[in-house]
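Below is one structure, written out as structure tokens, with a few remarks after it.
Protein chains: 2
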Amino acid sequence: MDIGNPRYKNQGIHVVCTLFTVRDGEVKVLLVQRSNKPYTDKWMLPSGAVYNDEDCETAMKREMIEKTGISGIYVEQFHTFSNPKRSPLMRMIAVGYIGIVNSENIKIKKKTEKTQNSEWFNLADVPCDLAYDHREILLEAIEIMKKRIMKTPIVRSLLPKYFTLPELQNVYEAILNKKFDRRNFRKKFLQLNLIENTGLMQDIKGHRPANLYKFIGTDEYDVDIF
Amino acid sequence: MDIGNPRYKNQGIHVVCTLFTVRDGEVKVLLVQRSNKPYTDKWMLPSGAVYNDEDCETAMKREMIEKTGISGIYVEQFHTFSNPKRSPLMRMIAVGYIGIVNSENIKIKKKTEKTQNSEWFNLADVPCDLAYDHREILLEAIEIMKKRIMKTPIVRSLLPKYFTLPELQNVYEAILNKKFDRRNFRKKFLQLNLIENTGLMQDIKGHRPANLYKFIGTDEYDVDIF
DNA sequence: GTATAATGTGTATGTAAGACACAAAGGTTC
DNA sequence: GAACCTTTGTGTCTTACATACACATTATAC
């Protein structure tokens with residue numbers, strides 16, 4: 009192999025993470041605000057270079073810790089973006105990941121070496137002029153997340169360890185932006201055998217408390233609190 | 009951005025194509041045999057470097073023409089492989105694509121600048137010691153192809169312009185390695201509204217000829233005959 | 001104890017999937 | 001041309017799943 013061939017010299021590999029959460033019935037995505045050139049002050053999806061001794065998933069998790077302080081997230085690769093003009097600096101492709109977390113107990117870093125701020129944005133409030141091609145990446149991630157939400161364990165990490173069926177239903181309704189019949193939703197989800205009733209009750213005032221459920225099996229996707 | 013940082017210097021981007029076909033009721037994959045180091049004489053999936061002025065899909069199609077002479081194929085990205093040790097030469101990630109073609113009328117190049125041979129292999133006959141991590145890539149591609157075969161237009165390119173329903177069923181049976189009931193298969197496929205009866209009849213001797221069908225809509229995935 | 005606010009439950013209907021057997025078309029053979 | 005061979009083409013019944021829909025229950029607040 010002709011490593012120095014100018015046709016494919018100076019290529020770079022980035023990872024980019026679209027991290028979603030649901031709070032107050034709204035789907036939100038985590039963005040960070042740049043402090044450096046290019047795209048100074050623009051918002052972007054958390055992203056960064058892959059080191060030569062890492063695979064992309066490892067790099068993505070390291071970047072998330074460095075730029076946002078969030079660790080232990082479950083992510084899935086969804087698409088690799090390779091438009092040759094996507095970065096003005098150099099030839100850079102981006103391997104895209106999707107993640108979902110329960111943001112209730114997560115404190116995000118606001119300021120880091122390369123970022124001046126970080127925020128959860130409602131999808132409707134995301135600025136149009138994200139850095140690089142991150143708007144395109146985000147739009148594709150939203151579509152794919154909707155498709156996967158019914159098919160992969162991605163939703164586990166959105167809920168606390170114990171949750172009620174109405175809470176679960178609210179999450180699906182927020183993400184898919186549609187309403188479900190309560191009886192049908194419960195019937196369908198329960199027969200999937202993914203969750204079980206703990207026998208515990210929700211601690212709430214003002215109305216009948218709901219049963220608490222938990223996902224059957226692993227707790228491997230628990231999110232560490234930073 | 010610190011372009012010269014040794015932590016992410018000298019990275020390379022490859023594309024790799026798992027091109028399937030079905031012939032004589034068997035699923036086959038196209039492999040090429042290397043002539044250069046490393047992995048001299050080993051078989052591999054067609055693959056190559058992405059140039060700095062191309063996106064990955066363009067590079068993949070160019071590589072296929074250069075290494076196999078096959079053009080005009082429809083492909084879908086499926087996964088990016090990034091194990092830091094996957095290439096012994098340098099840090100190299102591979103963006104993986106899946107394609108399917110009707111190989112009946114395709115003549116493949118046998119010898120090129122970097123390859124000494126190319127062949128369609130039955131899946132059971134693929135050598136275990138493919139170059140790089142191509143065995144792993146192939147195994148993942150097979151799984152994903154099986155899932156997508158029912159959901160994307162990928163199967164269009166496997167059949168000639170006009171085909172019979174039994175031919176279509178044979179293709180699905182070969183790929184999924186299971187038998188379908190003829191009546192149920194026809195009922196299901198016809199109600200998808202993807203194909204239409206042309207009114208023409210198959211030209212065959214020895215038994216009742218079948219109706220010829222065609223895919224509704226575009227011919228955009230026609231494969232050029234080289 | 002009465003009102004309020006949410007949870008929890010069963011049935012009936014429509015739609016898609018899966019199992020299953022025989023007639024029809026064309027060619028070949030005698 | 002009659003009988004036979006090979007493959008295509010077709011309908012119904014059963015089962016599972018998706019959808020539509022209304023009322024009783026549990027707790028708190030007043």
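If you read the protein sequences in the order shown, they are chains E and L.
Just so you know, we're using the numbering used here here: the first sequence kicks off at 9 and counts up by one.
Just so you know, we're using the numbering used here here: the second sequence kicks off at 9 and counts up by one.
Glycine included, C-beta positions come from ideal geometry on N, C-alpha and C.
Span separating the alpha-carbon of residue i from that of residue j
| i | j | result |
| --- | --- | --- |
| L/Asp137 | L/Lys50 | 7 angstroms |
| E/Met209 | E/Lys75 | 38 angstroms |
| E/Asn185 | E/Met153 | 13 angstroms |
| L/Gly207 | L/Gly80 | 28 angstroms |
| L/Gln124 | L/Lys118 | 7 angstroms |
| E/Asp61 | L/Phe223 | 47 angstroms |
| E/Thr48 | E/Pro92 | 21 angstroms |
| L/Arg143 | L/Arg94 | 11 angstroms |
| L/Val179 | E/Val134 | 45 angstroms |
| E/Phe171 | E/Val40 | 29 angstroms |
| E/Leu173 | E/Gln19 | 48 angstroms |
| E/Val30 | E/Phe129 | 11 angstroms |
| E/Glu65 | L/Phe193 | 40 angstroms |
| L/Ser55 | L/Ala67 | 9 angstroms |
Candidates the options: closest to residue i by CA position
| i | options | result |
| --- | --- | --- |
| E/Asp205 | E/Leu220, E/Leu39, E/Leu167 | According to the sequence as given, residue 205 of chain E is Asn; it is not Asp. Taking only the C-alpha atoms, the option nearest E/Asn205 is E/Leu220. |
| E/Phe28 | E/Lys169, E/Gln19, E/Val83, E/Lys93 | E/Val83 |
| L/Met100 | L/Asp141, L/Glu127, L/Lys118 | L/Asp141 |
| E/Thr160 | E/Ile106, E/Glu127, E/Lys69, E/Pro92 | E/Ile106 |
| L/Ile150 | L/Arg15, L/Ala139, L/Ile114, L/Phe86 | L/Phe86 |
| E/Ile157 | E/Arg143, E/Glu181, E/Pro168 | E/Glu181 |
| L/Ile183 | L/Gly20, L/Asp32, L/Asn18, L/Ile21 | L/Asp32 |
| L/Ala139 | L/Thr172, L/Gly12, L/Leu53 | L/Leu53 |
| L/Ser43 | L/Phe193, L/Glu65, L/Asn13, L/Ser126 | L/Ser126 |
| L/Leu167 | L/Gly225, L/Tyr59, L/Glu112 | L/Glu112 |
| E/Glu175 | E/Gly20, E/Gln19, E/Glu34 | E/Glu34 |
| L/Tyr16 | E/Pro46, E/Asn13, E/Val23 | E/Val23 |
| E/Ile78 | E/Ser165, E/Gly225, E/Asn13, E/Lys45 | E/Ser165 |
| L/Val163 | L/Lys187, L/Met72, L/Ser90, L/Ile203 | L/Ile203 |
| L/Ile116 | L/Lys196, L/Met72, L/Ala57 | L/Met72 |
With 16 other Cβ atoms within 10 Å as the buried cut-off, status of residue i
| i | result |
| --- | --- |
| E/Lys110 | Lys is not the amino acid found at residue 110 of chain E; the sequence shown has Asn there. Buried is the call here. |
| L/Leu147 | exposed |
| L/Ala132 | exposed |
| E/Ile233 | Residue placement at E/Ile233 cannot be trusted, given a pLDDT of 36 that sits under 50; the coordinates are not used to answer. |
| E/Thr215 | Per the sequence shown, the amino acid found at residue 215 of chain E is His instead of Thr. E/His215 is exposed by the Cβ-count criterion. |
| E/Asp211 | exposed |
| E/Glu98 | In the sequence as presented, Glu is not what sits at residue 98 of chain E; that position holds Met. Exposed is the call here. |
| E/Thr88 | buried |
| L/Gln199 | exposed |
| L/Lys69 | buried |
| E/Glu121 | exposed |
| E/Asp189 | exposed |
| L/Lys36 | buried |
| E/Lys12 | Note that residue 12 of chain E corresponds to Gly in the displayed sequence, not to Lys. Answer is exposed; the Cβ neighbour count stays below 16. |
| L/Gly104 | buried |
Contact set between residue i and chain L, taken where Cβ atoms lie within less than 9 angstroms
| i | result |
| --- | --- |
| E/Gly80 | Correct list: empty, because the minimum Cβ distance to chain L is about 20 angstroms. |
Partner residues on chain E for residue i, Cβ-Cβ distance less than 7 angstroms
| i | result |
| --- | --- |
| L/Arg15 | Tyr59, Asn60 |
Proximal residues of chain E, C-beta to C-beta of residue i below 8 angstroms
| i | result |
| --- | --- |
| L/Cys25 | Chain E residues near L/Cys25: none, gap ~14 angstroms exceeds 8 angstroms. |
| L/Thr88 | Cys64, Gln85, Thr88, Val103 |
Residues that residue i contacts on chain E, provided the C-beta gap is smaller than 9 angstroms
| i | result |
| --- | --- |
| L/Arg42 | Going along chain E, no residue has its Cβ under 9 angstroms from L/Arg42, so there is no contact; the nearest lies around 11 angstroms. |
Amino acids of chain L, ordered along the chain, whose beta-carbon sits closer than 8 angstroms to that of residue i
| i | result |
| --- | --- |
| E/Gln19 | Gln19, Gly20, Ile21, Val58, Asn60 |
Partners in chain L for residue i, counting only beta-carbon separations shorter than 7 angstroms
| i | result |
| --- | --- |
| E/Arg99 | Asn60 |
| E/Pro92 | Asn60, Asp61, Glu62, Asp63 |
Length-filtered (3 minimum) beta strand (DSSP E) runs lying within the stretch 67-96 of chain E: 83-89
In chain order, each beta strand (DSSP E) run of at least 3 residues that lies wholly inside the stretch 39-63 of chain E: With a minimum length of 3 residues, the continuous beta strand (DSSP E) runs that stay inside the stretch 39-63 of chain E are 55-57.
Length-filtered (4 minimum) alpha helix (DSSP H) runs lying within the stretch 114-185 of chain E: Fully enclosed alpha helix (DSSP H) runs of 4 or longer: 142-156, 173-184.
In chain order, each alpha helix (DSSP H) run of at least 4 residues that lies wholly inside the stretch 188-229 of chain E: 190-199
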